[in-house]
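Below is one structure, written out as structure tokens, with a few remarks after it.
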Amino acid sequence: MIALLDCNNFYVSCERLFNPKLIGKPVVVLSNNDGCIISRSNEAKNIGIKMGEPLFRVKNMLANNKVIIRSSNYSVYGDISNRIMNILKSNFNKVEIYSIDEAFFSLDKIYFREKECLYLANKILKWTGIPVSIGIAKTKTLAKITNRVIKKRHEYKKLDFNNVNVLEIKEKSILKYVLKNTNVEDVWGIGGKLSIFLKNNNIKNALDLKECNEIFIREKKGVVLHRTVLELRGTKCKYIEDTVPVKKSVCVSRSFGRKLSDYKDIRSALIVYVQKAASKIRINDLFCRTITIFLKTSKYENNIYKNSKTYTLIEPTIDLRLIWKISDKLLKKIYKQSFFYSKV
Numbered sequence: 091m092i093a094l095l096d097c098n099n100f101y102v103s104c105e106r107l108f109n110p111k112l113i114g115k116p117v118v119v120l121s122n123n124d125g126c127i128i129s130r131s132n133e134a135k136n137i138g139i140k141m142g143e144p145l146f147r148v149k150n151m152l153a154n155n156k157v158i159i160r161s162s163n164y165s166v167y168g169d170i171s172n173r174i175m176n177i178l179k180s181n182f183n184k185v186e187i188y189s190i191d192e193a194f195f196s197l198d199k200i201y202f203r204e205k206e207c208l209y210l211a212n213k214i215l216k217w218t219g220i221p222v223s224i225g226i227a228k229t230k231t232l233a234k235i236t237n238r239v240i241k242k243r244h245e246y247k248k249l250d251f252n253n254v255n256v257l258e259i260k261e262k263s264i265l266k267y268v269l270k271n272t273n274v275e276d277v278w279g280i281g282g283k284l285s286i287f288l289k290n291n292n293i294k295n296a297l298d299l300k301e302c303n304e305i306f307i308r309e310k311k312g313v314v315l316h317r318t319v320l321e322l323r324g325t326k327c328k329y330i331e332d333t334v335p336v337k338k339s340v341c342v343s344r345s346f347g348r349k350l351s352d353y354k355d356i357r358s359a360l361i362v363y364v365q366k367a368a369s370k371i372r373i374n375d376l377f378c379r380t381i382t383i384f385l386k387t388s389k390y391e392n393n394i395y396k397n398s399k400t401y402t403l404i405e406p407t408i409d410l411r412l413i414w415k416i417s418d419k420l421l422k423k424i425y426k427q428s429f430f431y432s433k434v
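Under the numbering used here, think of the first position of the sequence shown as 91, with each following residue one higher.
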């Protein structure tokens with residue numbers, strides 16, 4: 091069996107940890123340079139604030155509903171995440187850290203699974219102050235869905251919950267009910283375009299996807315979606331990866347605090363990003379073979395522009411001077427005047 095641990099509204103929970111006055115109030119946390127909403131409290135979700143919404147679009151809505159806005163602090167979030175993951179690793183041997191606020195872990199050879207996970211959730215809350223939800227199932231995909239059920243209880247009114255933050259669906263009839271009431275776009279790995287394709291082929295929910303013609307799915311959309319179908323059927327295709335894979339690329343990009351038009355300002359920002367990228371390369375004992383520089387305006391601008399250039403070196407390098415020299419030349423090739431840029 092596999093369990094998925096997910097921190098509830100993680101960035102908001104971290105902010106509440108240092109400011110208890112935020113508890114019970116609608117709160118949102120913004121992305122780099124306060125661009126978009128990346129975390130919402132349950133109170134903010136109930137108002138109708140959507141994930142990824144640009145701040146300028148919902149400023150009036152936030153003000154009218156007295157929503158508290160917080161800028162992100164990734165160094166703090168990362169530190170709290172490390173504490174949570176270390177607690178998890180001290181209790182279970184096989185752990186895969188999936189993201190800053192999510193981790194899969196194995197429950198093989200553990201009989202009282204819900205009891206053990208409830209003990210873990212309470213321990214994390216007591217030691218870090220962060221509430222978590224844990225979904226238990228035969229596969230990663232089903233564990234994702236089970237975890238979602240905990241947070242979306244109102245969508246599954248026929249279910250009885252023994253715990254507020256831990257759930258294992260043991261009966262086939264209950265699993266069928268859950269899958270039938272889970273929209274296909276809410277299945278792990280199903281994006282917007284793929285969900286449209288599935289709905290056009292009368293696959294509207296997770297149960298439809300589970301019971302679909304797997305040969306048709308594989309022929310039309312490939313092995314990745316086919317594995318999702320098998321995982322919904324209880325066949326394990328995605329295993330817990332407890333060893334960190336070697337990075338194949340390093341990306342450093344940030345939205346500017348304000349729109350930039352002057353070439354010198356953009357170049358100054360790029361210098362910092364190249365230094366950070368080179369530092370990451372050295373830390374991971376890697377070499378740079380290919381360099382790509384991209385520059386773009388916001389998609390909400392009247393004049394939209396984006397471009398990128400790539401250069402492949404003859405021999406890999408970790409020489410920051412050479413990496414910067416090439417990056418500088420690539421920027422000159424893609425930069426155009428009269429645009430207000432948001433990111434490089």
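Don't be surprised by glycine CBs; every beta carbon is placed ideally from N, CA and C.
Small disclaimer: the values here were computed from a predicted structure and weren't measured.
On the CB-based measure, 16 or more other CB atoms within 10 Å of its CB, does Y201 come out buried or exposed?
exposed
Between V222 and R243, what straight-line distance do the alpha-carbon atoms span, to the nearest angstrom?
15 angstroms
Following the continuous alpha helix (DSSP H) through V256, name the residue where it begins and the one where it ends.
Here V256 belongs to no alpha helix (DSSP H); instead the beta strand (DSSP E) covers 256 to 258.
Report the partner residues of R160 according to the DSSP bridge assignment.
V119
F195 burial status per 10 Å Cβ neighbour count (16 or more: buried)
buried
Measuring CA to CA, which of D352, L403, S161, L269 is closest to V319?
L269
How far does the alpha helix (DSSP H) with R344 in it extend, from its first residue to its last?
Run containing R344: none; DSSP gives neither H nor E here.
Since R203 sits in a beta bridge, which residues does DSSP pair it with?
Paired residues: none, contrary to the question.
Spatial neighbours of E275 within its chain, please: CB distance less than 6 angstroms, with the 5 preceding and 5 following residues excluded, ordered by chain position.
S285
For M151, does the count of other Cβ atoms within 10 angstroms reach 16, so buried, or fall short, so exposed?
By the beta-carbon neighbour count (other beta carbons within 10 angstroms, threshold 16), M151 is exposed.
Compare the beta carbon distance of C104 and Y167 with 8 angstroms and say whether it is the shorter of the two.
For the 8 angstroms CB-CB criterion, C104 and Y167 form a contact.
Note down, in chain order, each residue of its chain lying with its Cβ closer than 6 angstroms to the Cβ of A368, except the 5 sequence neighbours on either side.
L410, I413
Reducing DSSP to helix, strand and coil, say where P221 ends up.
coil
What's the call for W217, buried or exposed, on a 16-neighbour Cβ count within 10 Å?
exposed
Backbone CA spacing between E304 and R323 [nearest angstrom]:
11 angstroms
Excluding sequence positions up to five away, which residues of its chain have a Cβ less than 7 angstroms from the Cβ of E206?
I200
So, using beta-carbon positions, are I361 and K399 closer together than 8 angstroms?
no
Three-state class that DSSP yields for N150 in the structure shown:
In the three-state scheme derived from DSSP, where H, G and I count as helix and E and B as strand, N150 is classed as helix.
Looking at A296 and I259, is the spacing between their C-beta atoms short of 8 angstroms?
No, the Cβ-Cβ distance between I259 and A296 is not below 8 angstroms.
Go ahead and pull the three-state DSSP assignment for S189.
Residue state, collapsed to three classes: strand.
Helix, strand or coil: which one does DSSP assign to S171?
helix
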